[in-house]
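Chemist: The letter at position 55 of the sequence shown is residue 385 when you use the working numbering, and the numbering goes up by one with no holes. From the three backbone atoms N, C-alpha and C, an ideal C-beta is built for every residue, glycine too. Since this is a predicted model, take the numbers as computed values, not measurements. The structure's right below; bear with me while I get my questions together.
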Amino acid sequence: MADSLDGTVALVTGASSGIGHATARSLAARGAAVALVARRTDRLEELAAAITADGGRALTVTADVSDAEQAVAAVVQTVETLGRLDTVVNNAGVMLLGPVVDAPVEEWDRMVDLNVKGLLYVAHAALPHLLEAAQDGPRQVADLVNVSSVAGRVARNGSGVYNATKHAVGAFSESLRQEVTRRHVRVSLVEPGAVATELVSHNRDEVQETINQRFSDMERLESEDIAEAVEFIVTRPRRVAVNELLVRPTEQE
Ligand code: NDP
Numbered sequence: 331m332a333d334s335l336d337g338t339v340a341l342v343t344g345a346s347s348g349i350g351h352a353t354a355r356s357l358a359a360r361g362a363a364v365a366l367v368a369r370r371t372d373r374l375e376e377l378a379a380a381i382t383a384d385g386g387r388a389l390t391v392t393a394d395v396s397d398a399e400q401a402v403a404a405v406v407q408t409v410e411t412l413g414r415l416d417t418v419v420n421n422a423g424v425m426l427l428g429p430v431v432d433a434p435v436e437e438w439d440r441m442v443d444l445n446v447k448g449l450l451y452v453a454h455a456a457l458p459h460l461l462e463a464a465q466d467g468p469r470q471v472a473d474l475v476n477v478s479s480v481a482g483r484v485a486r487n488g489s490g491v492y493n494a495t496k497h498a499v500g501a502f503s504e505s506l507r508q509e510v511t512r513r514h515v516r517v518s519l520v521e522p523g524a525v526a527t528e529l530v531s532h533n534r535d536e537v538q539e540t541i542n543q544r545f546s547d548m549e550r551l552e553s554e555d556i557a558e559a560v561e562f563i564v565t566r567p568r569r570v571a572v573n574e575l576l577v578r579p580t581e582q583e
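Pasting the structure below:
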């Protein structure tokens with residue numbers, strides 16, 4: 331099949347749950363060997379076993395990508411073990427909401443360190459390999475997919491720093507897209523609306539309550555809905571670059 335990922339290697343950050351987990355599965359099902367990157371090794375091993383049982387190929391890479399050295403090591407380990415790198419899904423992220431006034435600044439550090447700096451470290455380490463894959467790879471094109479959010483498009487009262495991190499992802503992606511697109515590395519931005527994952531559970535109890543109330547009367551997206559969007563992007567023919575995909579639940583305003 332012309333759009334198959336056979337013979338390619340993908341790296342997915344945040345593969346131990348939610349969107350990253352579903353995306354890794356779907357890329358593996360399309361034929362990519364997948365490096366599963368996150369901190370929880372047991373979860374990654376379970377996913378790798380499931381991918382292998384389905385006839386796919388997976389490598390588990392335990393790493394905290396907000397640490398520059400670990401982010402680089404994750405990319406190096408992937409290329410050394412799987413031989414190349416054609417697709418990167420920069421998905422790991424954390425959303426800690428609440429007012430700016432009196433906010434625990436430690437939460438801001440966690441978001442900036444992972445959503446912005448972690449994504450940058452992985453992109454920087456991966457780019458030489460993606461540029462090479464776009465020249466010599468089976469598909470003559472490579473993909474860097476950055477997972478932003480509706481929050482990267484629209485700022486709201488109560489999510490200022492999360493908004494700031496995701497707007498940063500959008501700005502970086504567009505700049506990098508212009509830099510490398512003539513060399514056939516496609517840089518894409520995926521912006522999900524509310525997806526039913528573990529994301530909300532990392533918030534303080536009172537914040538979780540507020541978020542859950544806001545979405546209580548609507549059907550949220552499934553992780554697989556976003557995995558399909560990523561799969562669509564990375565399986566386009568070489569001439570087609572899907573720059574940006576905004577996917578909301580039907581009922582989300
Ligand atoms: P989850 O909390 O389910 O998944 C987050 C993933 O990131 C986990 O696999 C987690 O694994 C990993 N992760 C967290 N910290 C680190 C770290 N320091 N280093 C490496 N991996 C890390 O959330 P989602 O699947 O919902 O989120 C995925 C992305 O989607 C995020 O960027 C989020 O902002 C974005 N998004 C989500 C939306 C939603 O409604 N769910 C809406 C819009 C965007 P581990 O703990 O094992 O490290």
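Would you check if the distance between the CB atom of residue 506 and the CB atom of residue 418 is smaller than 7 Å?
Modeler: The residue you call residue 506 lines up with position 176 of the sequence shown. The residue you call residue 418 lines up with position 88 of the sequence shown. No; because the gap between Cβ atoms is not below 7 Å, this pair is not in contact.
Chemist: Starting from residue 518, trace the beta strand (DSSP E) both ways and give me its first and last residue.
Modeler: To locate residue 518, count along the sequence shown from 1; it is residue 188. Unbroken beta strand (DSSP E) run through residue 518: 515-522.
Chemist: Grab the span of the alpha helix (DSSP H) containing residue 353 for me, first residue to last.
Modeler: Here residue 353 refers to the residue found at position 23 when the sequence shown is read from its first residue. Note, residue 353: alpha helix (DSSP H), 348-359.
Chemist: Given 8 Å as the limit, is there contact between the segment 348-367 and the segment 412-429, that is, 3 or more CB pairs closer than that?
Modeler: Contact holds: three or more Cβ-Cβ distances are below 8 Å.
Chemist: Roughly how many angstroms separate the alpha carbons of residue 465 and residue 395, rounded to a whole number?
Modeler: Position 135 of the sequence shown, counted from the start, is the residue given in the question as residue 465. Position 65 of the sequence shown, counted from the start, is the residue given in the question as residue 395. So the alpha carbons of these two residues sit roughly 27 Å apart.
Chemist: Here's the rule I'm using: 16 or more other beta-carbon atoms within 10 Å means buried, otherwise exposed. How should residue 332 be labelled?
Modeler: The residue labelled residue 332 in the question sits at position 2 within the sequence shown. The predicted position of residue 332 is uncertain, since its pLDDT is 41 and thus under 50; no value can be drawn from it.
Chemist: To the nearest angstrom, report how far apart residue 335 and residue 510 are at their CA atoms.
Modeler: Here residue 335 refers to the residue found at position 5 when the sequence shown is read from its first residue. Here residue 510 refers to the residue found at position 180 when the sequence shown is read from its first residue. Their backbone Cα atoms lie some 21 Å apart in a straight line.
Chemist: Taking residue 476 as the reference, give the member of 461, 433, 491, 452 with the closest Cα.
Modeler: For the purposes of this step, residue 476 is taken as residue 146 along the sequence shown, with counting starting at 1. The shortest C-alpha separation from residue 476 is found at 452.
Chemist: What do you reckon, is the C-beta of residue 584 under 6 Å from a heavy atom of the ligand NDP?
Modeler: Because residue 584 is not part of the residues shown, which for the chain are 331 to 583, the question remains open.
Chemist: Buried or exposed: residue 437, going by 16 or more other Cβ atoms within 10 Å of its Cβ?
Modeler: The sequence position of residue 437 within the sequence shown is 107, counting from 1. Residue 437 is buried by the Cβ-count criterion.
Chemist: Would you say the beta carbon of residue 394 comes nearer than 6 Å to a heavy atom of the ligand NDP?
Modeler: Residue 394 sits at position 64 when you count from the first residue of the sequence shown. Checking the Cβ of residue 394 against the ligand NDP gives yes.
Chemist: Entirely within the segment 409-490 and at least 4 residues each: give me those alpha helix (DSSP H) ranges in chain order.
Modeler: Listed in chain order, they are 435-441, 449-466.
Chemist: Rank 572, 564, 566, 552 by C-alpha distance to the C-alpha of residue 580 and give the top, closest one.
Modeler: Within the sequence shown, numbered from 1, the residue matching residue 580 stands at position 250. Taking only the C-alpha atoms, the option nearest residue 580 is 552.
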